[in-house]
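In this note's numbering, the protein residues as written are 217 to 546.
Idealized CB from N, CA, C, for every residue including glycine.
Bear in mind that the values here come from a model prediction, so they are computed numbers and not experimental data.
The structure under discussion appears below in the form of structure tokens.
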Ligand code: UFG
């Protein structure tokens, strides 16, 4: 670490951000640059976009499997976002997840061990828990993933625990719930879009005729699934705090969500209010693998990281996503 005090009492760090051309990775990389850190983005652009790499980052177009060559230059930490993250695809093409997520992450851990990289912040997921026995979900909840996506992220979490303990790495896994919103020019633009809010906004933009509501017979008040939507900027803030609070030899795990659930119909209504568009919707069959309700307890992140959400309001989250969607309509 070198001089120059940054946010959260962190000195300026040299950080490797894998997946920094993707949605969450690009927002976090942008915020780290703004906080005064030196950021190198490693991304193979398989799902990311070259123009999403924030100004001020050095960009290396390579796979995470090649991280050793990059880490040999000497880094203070790694933020590991690069991953495949489509639940449905993980069921039909599990090899893409076991190779692309698990094997690549093991190579990254090996590279960190080899070159003595001291810190890791990993993008884990609520999908590691599977169908919850109770909500809000705490970090001690049973981890019984219901799809290969969640299983591969959980496998990586286990590997990180043993590497942290054996090799003194200061590691933090952040288990995201439903990330939404945007930060200026950085937002969600997947080639294959499956997420609720960007799909609804595509209807408002006239790129889709209607939104399918996957099931209206769930055991919830209005019959549609409930999810916990967190603004991507609040998530980015948690990453900076995780870097600051990581402890050598320990692997800490934090859930990140709003702690409030919104049903699919509530999201739809809020999108209608924000966009002023009627957004036609039609109920259809349940999507396989969907749990009825996912709500996070983020108490541990609040008490240990000092994290607090600044952007809890669903309309505010959707307004930011809408501003981005209109700016980058395709
Ligand atoms: N939904 C619809 N219609 C659509 C798309 C989604 O009704 O066209 C519903 C889904 O059935 C679900 C809700 O909207 O009930 C949210 O679905 P998303 O696909 O937006 O998000 P998921 O909850 O399935 O998954 C997200 C991430 C996962 C992560 C999970 C944890 O994509 O990586 O949140 O909460 F694991």
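In the displayed model, residue 316 falls within a helix according to three-state DSSP.
At least one heavy atom of the ligand UFG falls within 8 Å of the beta-carbon of residue 411. The secondary-structure analysis by DSSP pairs residue 341 across a beta bridge with 392. At least one heavy atom of the ligand UFG lies closer than 8 Å to the C-beta of residue 444.
Relative to the ligand UFG, the nearest heavy atom lies less than 8 Å away from the CB of residue 341. Per DSSP, residue 257 lies in no alpha helix (DSSP H) segment; the continuous beta strand (DSSP E) that holds it begins and ends at 254 to 258. The ligand UFG has a heavy atom closer than 8 Å to the beta-carbon of residue 392. If you draw a 10 Å sphere on the C-beta of residue 423, you find fewer than 16 other C-beta atoms in it, and that means exposed. Distances from the CA of residue 478 to each of 486, 350 and 349 were compared; the closest alpha carbon is that of 486. At least one heavy atom of the ligand UFG sits closer than 8 Å to the Cβ of residue 506.
Assigned with DSSP and collapsed to three states, residue 297 falls in coil, not helix or strand. In this structure, 336 is the residue among 257, 231, 336 and 396 with its C-alpha nearest to the C-alpha of residue 469. Boundaries for residue 233: no alpha helix (DSSP H) harbours it, while the beta strand (DSSP E) harbouring it runs 230 to 234, taken from the DSSP string. The beta carbon of residue 318 sits no closer than 8 Å to any heavy atom of the ligand UFG. For residue 441, the CB falls within less than 8 Å of some heavy atom of the ligand UFG. Per DSSP, reduced to three states, the secondary structure at residue 500 is strand. With a cutoff of 8 Å, residue 297 does not count as near the ligand UFG, since its C-beta is closer than that to no heavy atom of the ligand. With respect to residue 234, residue 319 sits apart: the two C-beta atoms are not nearer than 9 Å.
With 16 or more neighbouring CB atoms inside 10 Å of its own CB, residue 475 falls in the buried class.
Taking the Cβ of residue 540 as the reference point, every heavy atom of the ligand UFG lies at 8 Å or farther away.
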